[in-house]
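**Student:** Residue numbers (the working numbering): -17 to 811.
Note that the Cβ used here is the ideal one computed from N, Cα and C, for glycine as well.
Rendered as structure tokens:
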């Protein structure tokens, strides 16, 4: 078999089938001269064909070819081969020999593969040469791949350079825990916060290893004020292990630690005693939001004791707490606190506070006072009274009381819009289960009156929709058809059939299998909507059920019908949901695309074709695309993600032609042309020749985009010199930073030779970047170059500062410590 025959076999296949053919062919030809010749032919082609060769060599176990690929000038091929060989333990001696002269991109791929492998001894043996040649930063990248003894010996020196402390904690928790203890013991109070912030990503893994030791560290040497970013995750683990100690730490008045009372943390702290929780609540009295969250997430039967313990004999107003905290207490405690507050001068002298406290009394006492206030002459006072009246009825938790209260709101229809809006917002805040038992007809009348008012505002309409959504969600989750129908009728009154129903995460509240019952309850309404080309309910249900909807054939059929709806936004949503199940995606995308080729503009269609159904690409790329999503006269060039390596080489070549035509079209806008040039440079197999013509374009933006795109071509090492040639021109601000990416694919010794002219150039920005690259890439003779440059008395101060900054990459050379010392001495004290 030769390349022509292989290409013929692959040409009509989709990507998954093509990969199977490549694997089967490699197995059948393993060890034969035919395979060797075929791999050589593939290697001679640019881009995708070379990756086919690597895949076939891996499957066939062709170690000779893989060994040669380790040093391939195509950096993508070399990286893929390094990754495979390290993870399989192959050619480790060759990799070690290549390492000292390898480009940065190659080395990073090596380190990443080492961290994912189990070759601890090999990594430990390689560590000295990595550290000597490339410094502490790259040695720190290798450290998690080493054995425990190596990590224990080197971690104190490499601590500052370790970026992935969480991986280090997973691999060597005991070593890292000991190191963290030493760091904290030797740090002062101020420095401890920095240490905790540094190691916070690893604390969760350390707690899984030994939660007791971590808790001891937090208790004895923990942060003094705030917890570091990400602490919420591991704080929950500590609280589950010992809620009493964690509550005491968070309540410590000397520390005043600010924390986020997440649901997980509060659930863990429930196991602490009332005394400990009272101390914690007392520490948060100045933060009403945290205090409210802590109390709300406690069982109601414990809230009174915890709050009373936190107040320590004071009344709530004296403690600075809002009266809304009373709503969290069981009714006996709420009534008792309200009666106590009514006897205080500060409440008695404030009419607004007096009314708010009165609303927390038993309904029989509060209702007459609040009802009278709803008839006041000032609209703001009536608004406040309506909110308190509805809240007081809600607090009874009695459906009949709430129903009577809602039925008595007859004056609302004649009220001003701000008053109606506030009342409706208060109704929307009532738990849906209680609201559903309180008289659906009353709710429907209140909503109708509000929407029919001449001064009905957009915010009032929103409040009505919030009431409707509350009923819809409750009716859907409890399969209560009357409640669901009422919510849908109110939503229709508000014009909500034109809006997106919010059934987000509906599956979280449903028992296993209940989604089918929910669908059966909703099905009559869905079917009725579909008959008039309305799909909002079906789409919202599918989105809310998420993966559960995948196994519901009838609902999937409705989604398939929605793909042909009249409304474009409905079609887009329907396509995304219909293509979501992976098992049917390949089949369905062919149906969708076959009906309307312009659906290639929908992201889920483009992704499915580009990643899976690559056999449909020829129809996409063959000529102009027409359909509902493309305006007449518009030439469409679809945008695909980074899955183009799944394509055939000829498909990539055709796509390159389309992008080139778009980029050279004079009638196109500049942003369209620059987008095409940018994409052109990133195509698999794209060479610099595809981008170079745009370097002479009349538009500056196009020229600069072409310069940046050169760095993304398949051989960035070949365009480094070309980009650096712009270092002393007005294009330096783009070209030099594009060269930074190219430098990752260039051997260090070659890089130094390319950067020397830039160091001697006239552009300060270019010289600064050259200094940084020389130091970061640890080019041979880097320190000689930097110290010689530093010694120049006429050196520009910004270049000098760039040398000072770059010194951190090469501090293993004593001469750079001299630079650092002189820098410190030259700074004003």
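Given a cut-off of 8 angstroms on the beta-carbon distance, is the pair residue 517 and residue 552 in contact?
**Tutor:** Closer than 8 angstroms, so yes.
**Student:** Use the C-beta contact count for residue 724: other C-beta atoms within 10 angstroms, 16 or more gives buried, fewer gives exposed.
**Tutor:** That one is buried.
**Student:** Please report how far the alpha carbon of residue 353 lies from the alpha carbon of residue 435, in whole angstroms.
**Tutor:** Answer to the nearest angstrom: the Cα atoms are 23 angstroms apart.
**Student:** Can you check which of these residues, 358, 662, 348, is closest to residue 812 by C-alpha distance?
**Tutor:** In this structure the chain extends from -17 to 811, so residue 812 is not present and cannot be described.
**Student:** Taking just the CA atoms, how far does residue 596 sit from residue 174?
**Tutor:** For residue 174 and residue 596, the distance between alpha carbons rounds to 55 angstroms.
**Student:** Using only CA atoms, which one of -4, -1, 38 lies nearest to residue -15?
**Tutor:** It is 38.
**Student:** Considering only the beta carbon of each residue, do residue 374 and residue 341 sit closer than 8 angstroms?
**Tutor:** Their beta carbons are under 8 angstroms apart, which means residue 374 touches residue 341 by this criterion.
**Student:** With which residues is residue 240 paired in a DSSP beta bridge?
**Tutor:** Answer is 208, bridged to residue 240.
**Student:** As a quick exercise: from 647, 630, 586, 460, pick the residue whose alpha carbon is nearest that of residue 621.
**Tutor:** The residue with the shortest Cα to Cα distance from residue 621 is 586.
**Student:** Buried or exposed for residue 605, going by 16 or more other Cβ atoms inside 10 Å?
**Tutor:** Result: exposed.
**Student:** Can you grab the Cα-Cα spacing for the pair residue 357 / residue 326, in whole Å?
**Tutor:** Whole-angstrom Cα-Cα distance: 27 angstroms.
**Student:** Determine the burial state of residue 758: buried for a count of at least 16 other Cβ atoms within 10 Å of its Cβ, exposed for fewer.
**Tutor:** Buried.
**Student:** State buried or exposed for residue 456, treating a residue as buried only when at least 16 other CB atoms are found within 10 Å of its CB.
**Tutor:** Result: buried.
**Student:** Cβ atoms of residue 253 and residue 282: under 8 angstroms apart, would you say?
**Tutor:** Contact: no.
**Student:** Buried or exposed: residue 22, going by 16 or more other Cβ atoms within 10 Å of its Cβ?
**Tutor:** Residue 22 comes out exposed.
**Student:** Please report the residue range of the alpha helix (DSSP H) in which residue 161 lies.
**Tutor:** Run containing residue 161: 155 to 167, per the alpha helix (DSSP H) assignment.
**Student:** Taking the C-alpha atoms as reference points, what is the distance between residue 185 and residue 275?
**Tutor:** Distance between the alpha carbons of residue 185 and residue 275: 25 angstroms.
**Student:** Assuming the contact rule is C-beta atoms closer than 8 angstroms, residue 629 and residue 30 should be a hit. Round their C-beta distance to whole Å, please.
**Tutor:** Yes, residue 629 and residue 30 are in contact; Cβ-Cβ is about 7 angstroms, under 8 angstroms.
**Student:** Relative to the alpha-carbon of residue 370, which residue among 379, 408, 398 has its alpha-carbon at the smallest distance?
**Tutor:** Checking every option, the nearest Cα to that of residue 370 belongs to 408.
**Student:** Work out the CA separation of residue 418 and residue 280 for me, nearest whole Å.
**Tutor:** C-alpha separation (whole angstroms): 26 angstroms.
**Student:** What's the gap between the Cα of residue 240 and the Cα of residue 211?
**Tutor:** Answer to the nearest angstrom: the Cα atoms are 12 angstroms apart.
**Student:** Curious, which full-length alpha helix (DSSP H) runs of at least 4 residues does the region 700 to 739 contain?
**Tutor:** For the region 700 to 739, whole alpha helix (DSSP H) runs of length 4 or above, ordered along the chain, are 702 to 706, 714 to 725.
**Student:** Cβ atoms of residue 127 and residue 843: under 8 angstroms apart, would you say?
**Tutor:** Because the chain in this structure spans residues -17 to 811, residue 843 falls outside the shown range and cannot be described.
**Student:** With respect to the alpha helix (DSSP H) encompassing residue 791, which residues constitute its N-terminal and C-terminal limits?
**Tutor:** Here residue 791 belongs to no alpha helix (DSSP H), and DSSP marks it neither H nor E.
**Student:** Nearest by alpha-carbon distance to residue 111: which of 79, 310, 130, 778 is it?
**Tutor:** If we check each option's Cα against that of residue 111, 79 comes out closest.
**Student:** Taking 8 angstroms as the limit between beta carbons, can you name the residues of its chain near residue 644, skipping five residues before and five after?
**Tutor:** Result list for residue 644: 617, 619, 650, 654, 655, 658, in chain order.
**Student:** Three or more beta-carbon pairs under 8 angstroms between the region 676 to 686 and the region 694 to 701, yes or no?
**Tutor:** Taking 8 angstroms as the limit for Cβ pairs, the verdict is that the region 694 to 701 does not touch the region 676 to 686.
**Student:** What does the alpha-carbon distance come out to for the pair residue 772 and residue 3?
**Tutor:** Between residue 772 and residue 3, the C-alpha separation is close to 59 angstroms.
**Student:** Report the residue from 249, 245, 294 whose alpha carbon sits nearest the alpha carbon of residue 267.
**Tutor:** Per the Cα distances, 294.
**Student:** For residue 353, does the three-state DSSP call read helix, strand or coil?
**Tutor:** Residue state, collapsed to three classes: helix.
**Student:** To the nearest angstrom, how far is it from the Cα of residue 542 to the Cα of residue 521?
**Tutor:** In a straight line, the C-alpha of residue 542 is about 11 angstroms away from that of residue 521.
**Student:** Can you tell me whether residue 346 is buried or exposed? The criterion is at least 16 other CB atoms within 10 Å of its CB, across all chains shown.
**Tutor:** Residue 346 should be labelled exposed.
**Student:** Report back the beta-carbon spacing between residue 627 and residue 666 to the nearest angstrom; my notes put them in contact at under 8 angstroms.
**Tutor:** Sure, about 5 angstroms apart at Cβ, within 8 angstroms.
**Student:** In this structure, does DSSP put residue 279 in helix, strand or coil?
**Tutor:** Coil, per DSSP.
**Student:** Pick from 222, 671, 228, 779: whose alpha carbon is nearest that of residue 209?
**Tutor:** Out of 222, 671, 228, 779, 228 has the C-alpha closest to the C-alpha of residue 209.
**Student:** Using the beta-carbon count (16 or more within 10 Å), is residue 63 buried or exposed?
**Tutor:** Looking at its Cβ environment, which holds 16 or more other Cβ atoms inside 10 Å, residue 63 is buried.
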